[in-house]
Amino acid sequence: MDTLLCYLVLLTLPQLVVPQAASLTTVKAVVELVSGDSRIFSGESVRLRCTIHDEHKSTWRHQWFRGSEQLAQSGEDLVLWKARVKDSGKFYCQGVRGTAIGDMYTAKSLPVEINVDGGWAILQVPHHPGLVGNNVNVTCRVRGNPLVHEVVLYKNGVEVLTQKGPDVYLTNLSVEDQGMYSCRASWDIEGRTRSAISVETLLQVLEVVSQPVLEIVTDQTFGAKMKLICHVHYNAPAPAPPINYYFYNNNNRLGVATSENHDLVRRTPGQYSCKAKVPQLNLSRSSEPKSFGLVKGGQPQRPRVLWPLAPPVSSPNLSLPAAAESTAARPSPDQPTAAPSFIQPTEASTRPSRAFPSPSKPEPRPLPSTVQSHNHLVNPVSFDASTESGDGSGDFDFPEGSADTSG
């Protein structure tokens, strides 16, 4: 009987486990456009394919989504046959397979956007962003593909060129070429000239190497060091040549080039920057300098010595005559003037520094109080002057170094 009960328990265990396991982030799903274009006319067709990159070659089923809506199609390919305008949207796919503990899912793929146009003209641009320095071809299509004899291209609503034929070539792209483009096509039919204008579509242009942004991380786990991270977008198409990173303090290079975008250096005051370089493409970009351990003006932060204030007045009703008040801020001849005591604006010294003047003598003119100038001191900033610098020196005065042109 006990054996039978144990057997029944084992049979029910899979049902007690959560039926949907966590998504496998290491297994990726990718959607690609295999036929048609991302912008088509209504009545045309397009085919998408979902690829699961699984090194174990497991068997996966496919799920398709348009936005948050799951579609009925479940195969590797998704075909929009004679698409309608309402079929437009962002399409995703996801892999799913059964396991002993329930279904296992991949993460959803990046989207592919399909636009179905019900008009007469559309401007087709490449699926992927153009790169600075490269060329790109855009096509002004007309429904039914008649012979187009003139095309006008607009960028952000402004005419940029007029030419014959539907294909427009933009050469030597720059970042300024990015924008919203549309076209107006003209063609002849039955002896009459027809014209139509497309809706705007985005042409995106990216730099192969974006300008780096330096991040300085001062975590306690690094001890006397800090972590420099050089953030950069590298958009070269595969196979992309290697990219090297350099780090600088006051224009002096720290260490050698590295293929990693981060480095650990000593906590030394200075102006830090980084550079990303692709030697094979002859590309190099540098970040803006970032200060560490420096006050305004580029000087190292030093510890402040706080002078004690004068003792407060014991009685709030105690006051000095006018002549004494005017001379209370003047140093006594018997006291050294190198280190004057500070007094607060609402307090006065209870001991006059000299005798009162006689009535027959003119009353001395009051000297400017030293209180105001000393009250403008900044808050104290703690800094360890003995911190070891990156080049082995503990000094705060850095020599002016020239930038390394070899890196």
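Numbering (mature numbering (1 follows the signal peptide of the UniProt record, and there is no 0)), first residue to last: -19 to -1, 1 to 388. We treat Cβ as the ideally placed atom computed from N, Cα and C, and that holds for glycine. Computed from a predicted model, the values in this text were never measured in an experiment.
If you follow the beta strand (DSSP E) that residue 196 is part of, which residue opens it and which one closes it? Unbroken beta strand (DSSP E) run through residue 196: 194 to 198.
Based on DSSP bridge pairs, tell me the residues matched to residue 228. Residue 228 is bridged to 255.
Beta-carbon proximity check, residue 184 vs residue 106, cutoff 9 Å: Closer than 9 Å, so yes.
Considering residue 168, what are the terminal residues of the beta strand (DSSP E) in which it resides? For residue 168, the enclosing beta strand (DSSP E) begins and ends at 160 to 170.
If you reduce the DSSP assignment to three classes, tell me which class residue 235 lands in. Under the three-state reduction of DSSP, residue 235 is assigned to coil, being neither helix nor strand.
Do you know how far the Cα of residue 216 is from the Cα of residue 124? Roughly 35 Å between the two C-alpha positions.
Using DSSP with H/G/I as helix, E/B as strand and the rest coil, what is residue 157? Residue 157 falls in the helix class under three-state DSSP.
Can you tell me the Cβ-Cβ gap for residue 230 and residue 204, rounded? I've got them flagged as a contact below 8 Å. A Cβ-Cβ distance of about 18 Å is found for the pair residue 230 and residue 204, leaving them out of contact under the 8 Å criterion.
Assigned exposure category for residue 91 - 16 Cβ within 10 Å defines buried: Classification for residue 91: exposed.
For residue 52, name the three-state secondary structure that DSSP assigns. In the three-state reduction of the DSSP assignment, residue 52 falls in the coil class, being assigned neither a helical nor a strand state.
Run the CB neighbour count on residue 129, radius 10 Å, all protein chains shown included, and call it buried at 16 or more, exposed below. Buried, because 16 or more other Cβ atoms sit within 10 Å of the Cβ of residue 129.
Do you know how far the Cα of residue 208 is from the Cα of residue 35? Straight-line Cα distance between these residues: approximately 35 Å.
What residue range does the beta strand (DSSP E) around residue 45 cover? From DSSP, the beta strand (DSSP E) with residue 45 extends over 42 to 47.
Can you find at least 3 beta carbon pairs, one from the region 140 to 160 and one from the region 100 to 116, that sit closer than 8 Å? Between the region 140 to 160 and the region 100 to 116, the count of C-beta pairs closer than 8 Å reaches three or more; the two stretches touch.
Just to confirm, are residue 103 and residue 70 a CB contact at a threshold of 9 Å? No. Outside cutoff.
The beta strand (DSSP E) enclosing residue 131, as first and last residue numbers: Segment 129 to 136, the beta strand (DSSP E) holding residue 131.
Which one of 148, 151 and 164 has the shortest CA to CA distance from residue 134? Comparing Cα-Cα distances from residue 134 to each of 148, 151 and 164, the minimum goes to 164.
Relative to the C-alpha of residue 47, which residue among 89, 236 and 118 is closest? The closest CA to that of residue 47, considering only 89, 236 and 118, is found on 89.
Taking just the CA atoms, how far does residue 255 sit from residue 323? Note on residue 323: pLDDT 41, under 50, position unreliable in the model; the coordinate value appears next. Rounded to the nearest whole angstrom, the C-alpha separation of residue 323 and residue 255 is 46 Å.
Supposed contact pair residue 218 and residue 261 - C-beta distance, whole angstroms, cut 8 Å: With a Cβ gap of about 13 Å, residue 261 and residue 218 do not count as contacting.
Can you check whether the CB of residue 59 is closer than 9 Å to the CB of residue 20? The answer is no: Cβ separation not under 9 Å.
First through last residue of the beta strand (DSSP E) which encompasses residue 105: Looking at the DSSP string, the run of the beta strand (DSSP E) that includes residue 105 is 102 to 105.
Sheet register partners of residue 261 (DSSP bridge): According to DSSP, residue 261 bridges with nothing at all.
Rounded separation between residue 265 and residue 241 - CA only: Distance from the CA atom of residue 265 to the CA atom of residue 241, rounded to whole angstroms, is 16 Å.
Quick check: what's the CA-CA separation for residue 12 versus residue 243? Distance between the alpha carbons of residue 12 and residue 243 is about 32 Å.
With a Cβ-Cβ cutoff of 9 Å, do residue 16 and residue 65 count as a contact? Against a cut-off of 9 Å, the Cβ pair of residue 65 and residue 16 comes out as no contact.
Taking C-alpha atoms, which residue in 248, 210, 220 and 179 lies nearest to residue 138? Distance from the Cα of residue 138 is smallest, within the candidate group 248, 210, 220 and 179, for 179.
Ordered along the chain, which non-local residues of its own chain (more than five positions away) have a Cβ less than 7 Å from that of residue 87? For residue 87, same chain residues with a beta-carbon under 7 Å away, outside a window of 5 residues either side, are 4, 5, 8, 9, 10, 33, 75 and 76 in chain order.
What is the DSSP secondary structure of residue 113, reduced to helix, strand or coil? Coil at residue 113, not helix or strand.
Are residue 186 and residue 224 closer than 9 Å when you measure CB to CB? Not a contact, by the Cβ cut-off of 9 Å.
Would residue 25 and residue 43 qualify as a contact pair, given that the criterion is a beta-carbon distance under 9 Å? The answer is no: Cβ separation not under 9 Å.
Distance, residue 73 Cα to residue 14 Cα: Distance from the CA atom of residue 14 to the CA atom of residue 73, rounded to whole angstroms, is 12 Å.
Which same chain residues, not among the five before or five after residue 101, have their C-beta less than 7 Å away from its C-beta? The answer, listed in chain order, is 123, 124 and 177.
Out of 18, 193, 245 and 39, which one is the CA nearest neighbour of residue 202? When each option's Cα is compared against that of residue 202, the closest is 245.
So is residue 98 buried or exposed if we call it buried at 16+ other beta carbons inside 10 Å? It is buried - the Cβ of residue 98 has at least 16 other Cβ atoms within 10 Å.
From the DSSP output, in three-state form, read off residue 244 for me. Correct three-state label for residue 244: strand.
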